[in-house]
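Chains as they are written, first to last, in my numbering: chain Z, 922 to 1181; chain W, 67 to 340.
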């Protein structure tokens, strides 16, 4: 392996090779080949049922929780297959954080929501936890809104705040990869914009995979983009290329709003 | 439309009123009959002449001891069983079979449990008529209730909580203890309180296993008498109807106090979690 190749290999954070995923007989992802670089923001775009969420849930193996699922091919993070037998799933999920489509407040205070992950890692020292929580909330641009009411029940936050709390919860674990599954689907335009801006601030430190069913959001975020359709990876490229000169007719139909 | 709506509202108001009336009547009746005999010495003294005079202190102790022990034994076992059925073996045949079993057990008359407790704990295990035999029998009797209600409460916890917890790198056990059980706590507490209510008012299962000794139990292997048993014997053998009513009143008040305390503690715990 030449030096440049090795450097390229290091830059590659996530790599899927002929990766397929099945729910029983149903094939949700078919032969996906995709590489995501370190500190890259990748937007996966596609209509409902195209396998976007399945791909995210394969990366942190949350798909395992559903009985009757199986996979083929390989899905590697830093060169290690996430499905290889030696992988500690809890540790993998700590390294690969996930923000869900519906903002969920764990039934506890704002502070405890963010401190939950670190606590489960065995961090008990209260000063240390306070520091972690503050940093995570600042990174998620929520600190100023909640710093005076950290002991309030988290369900009192608005939807947009709750989704940023979900992001803070993930950041508190200092993950390597952040997966966001349609994080703005239930939010108003202003909250959506806040989260989209936040992504570009976070990408310096994390590898981010964002899933959206909304082509307009893909265009706004303007990152590397992959288009999924019915479990198949149709096309990848920069948002500019995908939106202005798609190679595939199906991509063109989707970004021009013919379906989706 | 509006007329029928109003009539139906009236109907429901009447039915609800009737329910309340029955409850108030029963409690009022017992209060009127029982209050005259309810003095401090009645609560704190031992019975004399089989309970014709004197107090009911040993029966209060026996009741609290028996019910308390039964709950302390059955609650952890029941809740952990429910956790196992919902969180660890959810999609297998096991929960269905256990659920069928617990439902059948919950419907069995308590005297059957009494007979079982008598044959198994009192005679076979040679524990005799004792606090321990009674408590073990009662715990077997209330276990199905606790398993069933805890299972319902745990099942009602949104899966989204579990997903978030797993996605944060928690293990299953961490998810259970830190997210699932705290959310299910009010439901579990309700189930435990139902079980307490069933155990505290039990006569048939207790008379067979704990006996009916009027003395204060010194050890767990001593026989004792609970309030419902005392009440039953006073009334059945015509010893003292006045004291029977007073005993019934004490039992009702005791249940009331336990319920209020339990809910106060629960609310405190729930607020602490915030």
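Virtual Cβ for every residue (Gly too), placed ideally from N, Cα, C. Only a predicted model underlies this, so the values are computations on that prediction, with no experimental measurement involved.
If we call anything under 8 Å between Cβ atoms a contact, is residue i one with residue j?
i	j	result
residue 950/Z	residue 975/Z	yes
residue 295/W	residue 278/W	yes
residue 992/Z	residue 979/Z	yes
residue 108/W	residue 289/W	no
residue 275/W	residue 195/W	yes
residue 136/W	residue 204/W	yes
residue 1111/Z	residue 934/Z	no
residue 219/W	residue 263/W	no
residue 249/W	residue 227/W	yes
residue 942/Z	residue 984/Z	yes
residue 1090/Z	residue 232/W	no
residue 989/Z	residue 945/Z	yes
residue 1027/Z	residue 1075/Z	yes
residue 1139/Z	residue 1146/Z	yes
residue 390/W	residue 212/W	Residue 390/W lies beyond the residue range present for chain W, which begins at 67 and ends at 340; the question has no answer from this structure.
residue 1096/Z	residue 1000/Z	no
residue 1160/Z	residue 1144/Z	yes
residue 996/Z	residue 1132/Z	no
residue 1011/Z	residue 236/W	yes
residue 306/W	residue 117/W	yes
residue 332/W	residue 283/W	no
residue 1078/Z	residue 1086/Z	yes
Please check the pair residue i and residue j, which I expect to be a contact at CB under 8 Å, by giving their CB distance rounded to whole angstroms.
i	j	result
residue 1021/Z	residue 230/W	7 Å
residue 168/W	residue 161/W	Actually they do not touch by this definition, with Cβ atoms about 10 Å apart.
residue 193/W	residue 187/W	5 Å
residue 1182/Z	residue 954/Z	In the structure displayed, chain Z extends from 922 to 1181; residue 1182/Z sits before or after that span and is not available.
residue 1120/Z	residue 962/Z	6 Å
residue 101/W	residue 315/W	7 Å
residue 1029/Z	residue 234/W	Between residue 234/W and residue 1029/Z the Cβ distance is about 13 Å, and since that is not below 8 Å, they are no contact.
residue 1084/Z	residue 1116/Z	6 Å
residue 113/W	residue 121/W	6 Å
residue 981/Z	residue 1100/Z	7 Å
residue 1142/Z	residue 964/Z	5 Å
residue 1168/Z	residue 1156/Z	6 Å
residue 261/W	residue 208/W	4 Å
I want to see whether chain B comes within less than 8 Å of residue i, judged by CB atoms only; does it?
i	result
residue 1132/Z	You won't find chain B in this structure, because its protein chains are Z and W.
On a CA-only basis, which of the options is nearest residue i? Give me that one, please.
i	options	result
residue 202/W	239/W, 305/W, 272/W, 314/W	272/W
residue 215/W	269/W, 166/W, 227/W, 145/W	145/W
residue 1016/Z	1145/Z, 1032/Z, 1129/Z, 1077/Z	1129/Z
residue 1154/Z	967/Z, 946/Z, 1118/Z, 1107/Z	967/Z
residue 247/W	106/W, 148/W, 206/W, 260/W	148/W
residue 269/W	297/W, 93/W, 190/W, 212/W	297/W
residue 265/W	116/W, 134/W, 77/W, 242/W	134/W
residue 1108/Z	1024/Z, 956/Z, 1003/Z, 1140/Z	1024/Z
residue 179/W	200/W, 85/W, 90/W, 165/W	200/W
residue 292/W	163/W, 131/W, 238/W	131/W
residue 1134/Z	1067/Z, 1039/Z, 1102/Z	1102/Z
residue 1043/Z	165/W, 240/W, 175/W	240/W
Please classify residue i as buried or exposed, where buried requires at least 16 other C-beta atoms within 10 Å of its C-beta.
i	result
residue 281/W	exposed
residue 303/W	exposed
residue 254/W	buried
residue 1180/Z	exposed
residue 1037/Z	buried
residue 1046/Z	exposed
residue 69/W	exposed
residue 225/W	exposed
residue 325/W	exposed
residue 98/W	exposed
residue 1034/Z	buried
residue 922/Z	Reliability fails at residue 922/Z, whose pLDDT of 46 lies under 50, so the model's placement of it is uncertain and the value that follows must be treated cautiously. Per the 10 Å Cβ criterion, exposed.
residue 72/W	exposed
residue 190/W	exposed
residue 957/Z	buried
residue 300/W	buried
residue 217/W	buried
Among the residues of its own chain, which have a CB less than 6 Å from the CB of residue i, if the five just before and after it don't count?
i	result
residue 221/W	152
residue 327/W	none
residue 210/W	168, 171, 172
residue 1106/Z	1022
residue 1002/Z	995
Who are the near neighbours of residue i in its chain, counting only those whose CB is closer than 8 Å to its CB and skipping five residues on each side?
i	result
residue 267/W	294, 317, 321
residue 1175/Z	966, 967, 968, 1136, 1148, 1150, 1181
residue 181/W	274
residue 340/W	For residue 340/W, the pLDDT reaches just 42, beneath the cut-off of 50, and the residue's location in the model is therefore unreliable, although a value from the coordinates is still provided. There are no such residues.
Keeping to the same chain, check which residues put their C-beta closer than 7 Å to that of residue i; ignore five residues upstream and five downstream.
i	result
residue 1125/Z	960
residue 1073/Z	1030, 1031
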